[in-house]
Each structure stands twice: as structure tokens, then as C-alpha cells.
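Start counting the sequence shown at 4; every next residue gets the next number (the numbering used here).
Beta carbons: idealized from backbone N, C-alpha and C, even for Gly.
Encoded as C-alpha cells, the structure appears first; notes follow it.
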Amino acid sequence: MFASTMGRVLLLTADPTITTSVGTGQPDDAGDGGPARATRLYRPSGVAVGSDGSIGSGDTRNLGCDGSPSQADLDTIGTLGARNHPWMDSTTMTTNFEPRTLDTKVPPFEPHPWLRNGHAQTIAGRYLPGPRVRLDATEHEIEADEGDRLVALESVPRGWRAGGPAAVLVHGLAGCARSPYVVRLAARLVRLGVRTVRMNLRGAGTGFGRARGTYHAGKTKDLRRVVEWLARRLPGASIALVGFSLGGNLVLKLAAEAATDPLEGLDSVLAANPPIDLAACSRQLRRPANRIYDRNFVRWLRADVARRHAAFPDLGPADLTQVSTLFDFDDLYVAPRHGFAGAADYYARSGAAPLVPRIAVPGLVVHAEDDPFVPADPFRHADFPTGLALELIPSGGHLGYLSRTPWEGDRRWLDSRLAAWLASRWGSTPAVPASIS
Numbered sequence: 004m005f006a007s008t009m010g011r012v013l014l015l016t017a018d019p020t021i022t023t024s025v026g027t028g029q030p031d032d033a034g035d036g037g038p039a040r041a042t043r044l045y046r047p048s049g050v051a052v053g054s055d056g057s058i059g060s061g062d063t064r065n066l067g068c069d070g071s072p073s074q075a076d077l078d079t080i081g082t083l084g085a086r087n088h089p090w091m092d093s094t095t096m097t098t099n100f101e102p103r104t105l106d107t108k109v110p111p112f113e114p115h116p117w118l119r120n121g122h123a124q125t126i127a128g129r130y131l132p133g134p135r136v137r138l139d140a141t142e143h144e145i146e147a148d149e150g151d152r153l154v155a156l157e158s159v160p161r162g163w164r165a166g167g168p169a170a171v172l173v174h175g176l177a178g179c180a181r182s183p184y185v186v187r188l189a190a191r192l193v194r195l196g197v198r199t200v201r202m203n204l205r206g207a208g209t210g211f212g213r214a215r216g217t218y219h220a221g222k223t224k225d226l227r228r229v230v231e232w233l234a235r236r237l238p239g240a241s242i243a244l245v246g247f248s249l250g251g252n253l254v255l256k257l258a259a260e261a262a263t264d265p266l267e268g269l270d271s272v273l274a275a276n277p278p279i280d281l282a283a284c285s286r287q288l289r290r291p292a293n294r295i296y297d298r299n300f301v302r303w304l305r306a307d308v309a310r311r312h313a314a315f316p317d318l319g320p321a322d323l324t325q326v327s328t329l330f331d332f333d334d335l336y337v338a339p340r341h342g343f344a345g346a347a348d349y350y351a352r353s354g355a356a357p358l359v360p361r362i363a364v365p366g367l368v369v370h371a372e373d374d375p376f377v378p379a380d381p382f383r384h385a386d387f388p389t390g391l392a393l394e395l396i397p398s399g400g401h402l403g404y405l406s407r408t409p410w411e412g413d414r415r416w417l418d419s420r421l422a423a424w425l426a427s428r429w430g431s432t433p434a435v436p437a438s439i440s
């Protein structure tokens, strides 16, 4: 797919079509390899099931994690115009990328001059529109325990061959497989020839209504199921785990566990702003300057629990009237439902920090020192193995990293940094412009 010349590369073939519509669900050339079935996300009967589990008429394609239009769709409106929007029975947009020279280097992060603190980076990263990305994907259901099903979205680059690279992307708290930061990186990796699987943690996104249970920061068994399912389908593939925020803690914890309970195909692990010390994160969120984030998490979690218990009445009532902080939620809801003595026990047993020294595969951890959710001290004190690189950046917020220099019309440095690491690992090249040296 790429040919190298003097530190730069020439893209020889057109990149894959990028759309946000879910594919037909037909088996691919890798064959079926486990307890999963490919399905259509949008029910052909015309009855729509939203990503928050709501049922209504019309088309729910590309709804966000809470049932609202996803960022990818909002960007698509700007690309196609409202009359051609996929909600309105438009035809699929095909994006072909012309051959061009690409640079292999990713310079150190330099924040945008208007976004020089963690709060500004965090908020802008969350709400400013990103690149106009539409990513074709096939939805798969993967059997979990207790009758629950996990949902993952798989995107296959044109020309991908057996034994090629693959990546499993894991979202953060209150996110899903259609979170903008997940979609953006997945699209970039597909352009690099990497097969991507965007996992919905249990009950998240389009997995709502297919699982009575929920996820938490240390529940690696669901991620393990997805990796094992993928390895069965793609024998010989090199699989990278890529996690954001809570998902970052999960991928690090699973990579550490794999040192004694091996995972076939596991090649590397990458994490962005992972809360490796959950107790420290809880304290950070309770600081006065960060209470707005704490309240927003609680508001979302209470609504999510209400929807879940309405969908599954046998779960019984959930009294969250005493919940005003994320610590309260973890102490009164998460801990008792997952076998922990309380929030403190949950935090102690679920954070990846004490397990990091056991990680035997190479990887990269990116974190910003001004992250308002996740403090930097646990990273400074953790014993990172030689193969696991830690990049502590002075500014960047929580999954913000909006840079001074735009790349391909976008300023989101984190996407390029993660893609560049994998490109270097696997011998392909990140899609960044040649103008950056």
C-alpha cells in the first residue's frame, strides 16, 4: 500500500471508501471464527433501535452514544448538505484519496494558542467538530456471560490480507464505538491498512438492550472475549489494543494479565489518558475546579441507569438519590453489583498502575499533565517496563490535544501520534501532510 523514499512515502493506492453506514453483515474472507454473528444495525422493518436503546420509526443510522446525532454525522451534514444526509435516504458518499507524499514524523505536541490549559483543551476537544469522517463498518454480536451480548463494529481496509495488522479500539466512560475520538482514529488506521474493531463496552452504544450487565474500569473479561473472537477469525494477525480514558486502563490491565494468561495475537498496547489510579482520579474530580465534570458524569450515569432498569425491570429499583459524585456512584452502584466491598475496594482492584510492570508487549501511553480528570503523579510513580513508552505532555487536557499546527485540515494531534506509533511498529506510514518536518 505504501512505498518509502527518503523518509517519506507515496500513497500508491486509493484509500478505502469511508462511510458511517453499517455494512451488510455478510461474512468476510476471513471466515467465521467464534460465537458471534454479523447483523444489520438498522432494522429492515423500518423500526429503528437507537444507540440508547430507544425504539421509534425512521432511520437511526449514526446516532451517538446517547441517541443524539454522532459527531461523524454532524460533520457529514457539512459535507453532503442536508438534502443528501443519510438520514434522508441519501446515497452513500464515497471518498477516494489521490496518491500523495506523506510524512512519517510526528512533532511534539504544541497546544493551540487559544487553548493553553487543560480545561480549554478538554472542552474544545469534546465539542469542536472534527474532520468529516464516514467509516464503513459491519456490526458483530459477541456472546458474553449471563446471556449478555457484546457489540463491535469492524472496518476492513480494501486489500487487507490474512496475517495483516488489526486493532481493537476501546472507548471511555459515557462513550461508545461511535464516539468521535474512536471513529477518527479508526478511519485513520483503516487508511493505513489496519483492520479495526471498535468495541462497545457491555451495554454501551448499540449494545444497549443486548446486555443486562454493565462495564467498569477493571472488567477486562469482556475485552478479552473480543480479542479472542478476533484472533479466531484472523489467525496470524498482529493485534493492537488501543484504549481511551477508562478504555485505556482496560487495555493496560488486560495486557498485564496477558503476561500470565496469554492472548493469542496480542502485539502491542496503546493508551490515551488512562485512569491508572482510580482513587486518585476520584479525588481529582472532587476538587472544586473539576466538580463540573463530576456532575456531568453523574448526570449521564443516572440517566443511563434509569434507561437500563426501565429496559430490564427484573434488575429491580435503583435508588441513586444519594449519588452526587462519581465516588458515590461507584460506592453505591458499581461496587455492590460487581462484587466489590465499596468504591475503595473497586479502585484498588481495578486500576492498572500496580500491574504496569508486568506488561510484556511494546506500547505507548500518552497523558497530559493538565488533565482535569486524571492526575499525572501516578504515571511518574509507576514502574513502566522498557518496551512501554510513556509520553507525559505539559498540556493537552483530557483527550483534547488540539495543536497549533493543523494536519490535513485538523488539529487533533493525538490521532496522528497513536497512528504514527502503530505505523512505525508495523511498517506503514501515518497519514500526515508532507509539510511537517
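Collapsing the DSSP output to three states places Asn252 in a helix. Shown here, Thr199 sits in a strand according to DSSP, grouped into three states.
The residue among Pro183, Ala261, Gly208 with its C-alpha nearest the C-alpha of Glu142 is Gly208. Counting C-beta pairs closer than 8 Å gives fewer than three between the stretch 237-250 and the stretch 343-363, which falls short of the contact rule. Between Leu204 and Tyr218 the beta-carbon gap is near 4 Å, inside 8 Å, which marks them as a contact. For Leu318, the CB contacts under 8 Å within the same chain, skipping 5 residues up- and downstream, are Arg215, Arg311, His312 in chain order.
For Ile295, the enclosing alpha helix (DSSP H) has its first and last residue at 294-314. Across the structure, Leu281 and Ala140 are spaced so that their CA atoms are roughly 33 Å apart.
The stretch 209-278 is shown to contain whole beta strand (DSSP E) runs of 3 or more residues at 241-247, 269-275, in chain order. For His384, the uninterrupted alpha helix (DSSP H) run begins and ends at 380-384, by DSSP.
Contact between Asp380 and Ala283 is confirmed by a C-beta separation of about 7 Å, below the 8 Å threshold. About 6 Å separates the beta carbons of Leu329 and Ser285, which is inside the 8 Å limit, making them a contact pair. Between the stretch 184-204 and the stretch 153-163, the count of Cβ pairs shorter than 8 Å is three or higher; the stretches touch. Per the Cβ contact rule, the stretch 331-338 is not in contact with the stretch 228-236 (fewer than 3 Cβ pairs under 8 Å). Going by DSSP, Thr125 is part of the alpha helix (DSSP H) stretching over 121-130.
Leu138 sits in coil when the DSSP states are folded into three classes, being neither helix nor strand. The three-state secondary structure of Ala189, taken from DSSP, is helix.
Annotated three-state conformation of Asp331 is helix, per DSSP.
Of Pro265, Val326, Ala423, Leu273, the smallest CA-CA separation from Asp297 is found for Val326. For Arg161, there is no enclosing alpha helix (DSSP H), as DSSP gives it neither H nor E.
The beta carbon of Cys179 is closer than 6 Å to those of Cys68, Asn203, Ala207, Gly208 in its chain, skipping five residues each way along the sequence. It is roughly 31 Å from the alpha-carbon of Ala155 to the alpha-carbon of Leu395.
Taking the CA atoms as reference points, Arg228 sits about 34 Å from Arg289.
If you draw a straight line from the Cα of Gly390 to the Cα of Lys108, it is about 20 Å long. Ranking Ile279, Trp117, Arg213, Arg129 by CA distance to the CA of Leu358 puts Ile279 first. By the C-beta density criterion, Pro238 is exposed, having fewer than 16 other C-beta atoms within 10 angstroms. Taking Ile362 as the centre and dropping the five residues before and after it, the same chain places the C-beta of Ala258, Ala259, Pro388, Leu391 closer than 6 Å to its C-beta, in chain order.
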